[in-house]
Structures are given as structure tokens and as C-alpha cells.
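Take the position in the sequence shown, starting the count at 1, then add 45; the result is the number in the numbering used here. Okay, so here's the structure we're looking at.
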Amino acid sequence: MTGPPPAAVVAEILTIARQVLGLPVLGADDDLVAAGATSLAMLRIVATACRSLDIDIAPGSLGGAPVTVNVLARAAATAGPLRP
Numbered sequence: 046m047t048g049p050p051p052a053a054v055v056a057e058i059l060t061i062a063r064q065v066l067g068l069p070v071l072g073a074d075d076d077l078v079a080a081g082a083t084s085l086a087m088l089r090i091v092a093t094a095c096r097s098l099d100i101d102i103a104p105g106s107l108g109g110a111p112v113t114v115n116v117l118a119r120a121a122a123t124a125g126p127l128r129p
């Protein structure tokens, strides 16, 4: 996928990340780890996003780079359907 991820996907993942991290203010380009996400919190964000969007994102596919909501949204936009 080229270009920005769909706004609805960004908004959904941003809402999930804010809820998991307990942060009322979090931007789509903020580094989630710098914002306080532990590895367990990152797994919760990814798992909740997968269920909410009915997609399958492998957490290992995100690599070691700073993970932002936009990075997750781009991964979501290209992910396959959630396996039953």
C-alpha cells in the first residue's frame, strides 16, 4: 500500500492505543513505546486492533523500529483477514 492509511483505521487504532495505555492524549505519529507501552501493552493493542478490524497482523512483522499508530494502521491496511 502506498500513501497514508485510511483515516478510519488510524482513528480506531488510536482509540485502542489510548484505552490500553490510559492516555487521553496520543497522536498518530507518537512512538508508542516512548508513550509508555510495554511489550505486553503492544500485544494488547495489536490483538485488540485485529479483533476490532477483523484482520491479522503478526506482531513480529512490525520489526524493531519505533511503532506508531500510523505504522500499525499501514500494517492493518495490508493485513489479511483474521483467521477463524
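Where a beta carbon is used, it is the ideal one built from N, C-alpha and C, also for glycine. Note that the coordinates shown come from a computational prediction; the quantities given were computed from them, not determined experimentally.
With a threshold of 16 other beta carbon atoms within 10 Å, V54 meets it and is buried.
As computed with DSSP, I100 is found in a beta bridge with P126. By the neighbour-count criterion, in which 16 or more other beta carbons inside 10 Å mark a residue as buried, L88 falls on the exposed side. The Cβ atoms of A121 and I100 sit closer than 7 Å to each other.
Membership of L59 in the alpha helix (DSSP H) is indicated by the continuous run 52-66.
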